[in-house]
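S.K.: Chains as they are written, first to last, in the working numbering: chain A, 1 to 262; chain B, 1 to 237. The beta-carbon is built from N, C-alpha and C at its ideal position, and this holds for glycine as well. Okay, here's the structure, questions in a sec.
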């Protein structure tokens with residue numbers, strides 16, 4: 001019980017720190033600007049296609065175009081890329097700064113466990129992720145309000161669950177990278193490189209031989225997101241993300257403990 | 001209260017402290033003296049549970065730091081060499097956060113903050129942002145942080161370093177006023193400070209204890225300075 005309240009104490013402190021610094025607002029604004037631009041362009045393209053088919057007097061094709069496939073799915077893929085760029089900037093300070101300011105000495109000599117510290121910081125990161133994703137709900141809201149016919153709700157909900165899981169995995173890598181160094185830039189670069197690598201690690205899936213190819217494809221973060229974006233909720237992918245996150249958090253804990261053992 | 005036995009810490013091939021043993025009784029104020037790099041900070045970090053030792057044991061009030069770290073950490077207030085402050089917090093906000101993670105119960109938090117603010121002379125600074133405070137005030141916030149959960153043991157790593165003479169006197173008075181209730185280990189390399197505050201003195205040099213006695217016994221043959229120089233310069237090359 002005390003461990004749980006400790007998690008909230010740490011999370012509260014880190015969220016506060018995030019939102020009193022300009023970093024949070026710059027990242028949130030940047031995220032909304034970029035995803036808004038993507039949304040605007042996808043929507044314009046969609047409109048152009050519809051009017052094109054109508055001009056060609058092929059209304060049956062025009063009526064087959066739908067907002068889910070042509071706007072929401074590509075938009076969510078674009079959002080994953082922007083997340084990939086933004087997450088390192090949010091997670092880089094989480095543990096690196098504590099070490100730099102020597103406040104880790106306060107946390108680690110207080111009667112709270114390393115688990116509580118790691119989970120508290122991770123919780124703060126997840127709350128921030130929620131804020132980021134919530135702001136982007138305005139795009140599907142626009143589609144529901146003006147769309148004729150409106151998009152299907154199910155795939156969008158599934159897509160957002162996928163985005164949350166993917167973003168949570170990104171944040172877990174970020175917090176681990178932050179535990180390795182006291183330099184925030186180094187932490188951000190490690191996070192970015194690792195995430196990008198896990199993004200494209202499935203590319204040689206076809207050429208690397210049957211077994212290795214499958215393994216690489218299984219490791220790929222984005223391959224596990226695909227089904228969510230199409231509206232499929234598959235437990236296998238949830239298991240992948242949860243395992244990925246727990247492993248990264250476990251490494252973070254070990255990394256904090258080991259720096260003291262050296 | 002504090003029992004250190006055979007404490008050794010090595011960083012790779014470098015031995016920071018070797019086979020340190022000493023005891024501190026309840027209510028004592030012990031001065032921990034030694035040249036820079038002698039191992040004072042390392043010893044304090046092990047006692048507070050920040051660093052694990054390579055060998056040897058530390059127990060506080062009968063609890064081993066290695067076996068029951070949470071019990072020990074509850075009993076210790078620690079002011080590290082660099083006060084562990086969050087520059088973007090206000091003094092009150094910071095102390096509130098520390099009281100939470102130190103396990104002060106919710107109803108007692110307000111009172112605990114008032115008490116340390118009063119004792120450390122932080123009344124005017126209470127609402128200020130820590131990043132904008134002077135060095136002396138930051139040191140006081142560091143001390144307030146160490147005292148907030150009314151620990152039985154206070155470990156202070158060079159509490160007066162970098163302060164102006166007036167602030168040094170204030171901090172000394174504060175530490176002195178804690179005598180009796182709390183067990184205090186205080187490291188410093190300002191010798192007169194020890195004479196003014198402490199009853200007992202531990203001198204450490206190159207990771208070993210070279211003197212452990214009451215102040216009267218140590219200064220029987222001369223001033224503390226001459227004793228300190230005699231004990232510590234021999235091996236300095």
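Nearest to residue 50 (chain A) by alpha carbon, out of A:144, A:111 and A:65?
M.R.: Of A:144, A:111 and A:65, the residue nearest in Cα terms is A:65.
S.K.: Does any C-beta atom of chain B lie closer than 7 angstroms to the C-beta of residue 4 (chain A)?
M.R.: Taking Cβ atoms only, chain B never reaches closer than 7 angstroms to residue 4 (chain A), which makes this a no.
S.K.: Taking three-plus beta-carbon pairs below 8 angstroms as touching, is the stretch 115-132 of chain B in contact with the stretch 189-203 of chain B?
M.R.: Touching, no, given that fewer than three Cβ pairs across the two stretches are closer than 8 angstroms.
S.K.: Going by beta carbon distance, what residues of the same chain come within less than 8 angstroms of residue 98 (chain A), once the five residues before and after it are set aside?
M.R.: Same-chain partners within the cutoff: 104 and 107.
S.K.: Strictly under 7 angstroms for the Cβ-Cβ distance: is residue 142 (chain B) near chain A by that measure?
M.R.: Taking Cβ atoms only, chain A never reaches closer than 7 angstroms to residue 142 (chain B), which makes this a no.
S.K.: Going along the chain, which residues of the stretch 78-98 of chain B sit with their C-beta nearer than 9 angstroms to a C-beta in chain A?
M.R.: Flagged, chain order: 78, 80, 81, 82, 83, 84, 85, 86, 87, 88, 89, 93, 97 and 98.
S.K.: Using a Cβ-Cβ distance cut-off of 7 angstroms, determine whether residue 103 (chain B) contacts chain A.
M.R.: It does: the Cβ of residue 103 (chain B) has a partner Cβ on chain A nearer than 7 angstroms.
S.K.: Three-state secondary structure (DSSP) at residue 57 (chain A)?
M.R.: In this structure, residue 57 (chain A) counts as coil in the three-state DSSP scheme.
S.K.: Residues of chain A with CB closer than 9 angstroms to the CB of residue 50 (chain B), please, in chain order.
M.R.: Near residue 50 (chain B) (Cβ distances below 9 angstroms), the residues of chain A are 104, 105, 108, 109 and 260.
S.K.: Provide the residue span of the alpha helix (DSSP H) that contains residue 214 (chain A), from first to last.
M.R.: Looking at the DSSP string, the run of the alpha helix (DSSP H) that includes residue 214 (chain A) is 210-219.
S.K.: For residue 17 (chain A), go through chain B and note every residue whose CB falls closer than 9 angstroms to its CB, in chain order.
M.R.: The answer, in chain order, is 86, 88 and 89.
S.K.: Would a C-beta distance cut-off of 7 angstroms place residue 8 (chain B) and residue 55 (chain B) closer than the cut-off?
M.R.: Closer than 7 angstroms, so yes.
S.K.: Would you grab the beta carbon distance between residue 164 (chain B) and residue 136 (chain B) for me? Rounded to a whole angstrom, and I think it's under 8 angstroms.
M.R.: With 8 angstroms as the limit, residue 164 (chain B) and residue 136 (chain B) qualify as a contact, their Cβ atoms being about 7 angstroms apart.
S.K.: Might you give, ordered along the chain, the residues of its own chain that have their beta carbon closer than 7 angstroms to the beta carbon of residue 152 (chain A), omitting 5 neighbours on each side?
M.R.: Cβ neighbours of residue 152 (chain A) beyond the five flanking positions: 68.
S.K.: Of the choices B:140, B:160, B:232 and B:175, whose alpha-carbon is the least far from that of residue 153 (chain B)?
M.R.: Closest by alpha carbon: B:175.
S.K.: State yes or no: is the C-beta of residue 183 (chain B) within less than 7 angstroms of the C-beta of residue 44 (chain B)?
M.R.: In this structure, residue 44 (chain B) does not lie closer than 7 angstroms to residue 183 (chain B) by Cβ.
S.K.: How big is the Cα-Cα spacing for residue 185 (chain B) and residue 85 (chain B)?
M.R.: If you take the alpha carbons of residue 185 (chain B) and residue 85 (chain B), they lie about 21 angstroms apart.
S.K.: Return the bridge partner residues of residue 142 (chain B) from the DSSP annotation.
M.R.: Looking at the DSSP assignment, residue 142 (chain B) forms no beta bridge with any residue, so it has no partner.
S.K.: Can you check whether the C-beta of residue 26 (chain A) is within less than 7 angstroms of a C-beta belonging to chain B?
M.R.: Cβ-Cβ to chain B under 7 angstroms: no for residue 26 (chain A).
S.K.: For a cutoff of 7 angstroms on Cβ pairs, would you count residue 73 (chain B) as touching chain A?
M.R.: It does: the Cβ of residue 73 (chain B) has a partner Cβ on chain A nearer than 7 angstroms.
S.K.: Would residue 150 (chain B) and residue 187 (chain B) qualify as a contact pair, given that the criterion is a beta-carbon distance under 7 angstroms?
M.R.: Going by C-beta atoms, residue 150 (chain B) is not nearer than 7 angstroms to residue 187 (chain B).
S.K.: I want to verify the contact list: residues of chain A whose CB lies under 7 angstroms from the CB of residue 40 (chain B), in sequence order.
M.R.: Result: empty, since nearest Cβ-Cβ is about 15 angstroms, beyond 7 angstroms.
S.K.: Counting only C-beta atoms, is residue 254 (chain B) closer than 7 angstroms to chain A at any point?
M.R.: In the structure displayed, chain B extends from 1 to 237; residue 254 (chain B) sits before or after that span and is not available.
S.K.: So, are the CB atoms of residue 179 (chain A) and residue 89 (chain A) less than 7 angstroms apart?
M.R.: Contact flag unset, no.
S.K.: Would a check of beta-carbon distances place residue 100 (chain B) closer than 7 angstroms to chain A?
M.R.: Closer than 7 angstroms to some Cβ of chain A, the Cβ of residue 100 (chain B) qualifies, so yes.
S.K.: Any chance you could list the beta strand (DSSP E) runs of at least 3 consecutive residues sitting entirely within the stretch 94-170 of chain B, in chain order?
M.R.: Listed in chain order, the complete beta strand (DSSP E) runs (minimum 3 residues) inside the stretch 94-170 of chain B are 153-157.
S.K.: State the Cα-Cα distance for the pair residue 245 (chain A) and residue 251 (chain A), rounded to the nearest angstrom.
M.R.: Looking at the two C-alpha atoms, the distance is approximately 10 angstroms.
S.K.: To the nearest angstrom, report how far apart residue 218 (chain A) and residue 205 (chain A) are at their CA atoms.
M.R.: Cα to Cα, the separation comes out at about 9 angstroms.
S.K.: For residue 72 (chain A), which option in A:188, A:132 and A:137 has the closest C-alpha, if you only look at C-alpha atoms?
M.R.: Nearest option by C-alpha distance: A:137.
S.K.: Report the rounded CA-to-CA distance for residue 209 (chain A) versus residue 200 (chain A), giving the unit in angstroms.
M.R.: Roughly 17 angstroms between the two C-alpha positions.
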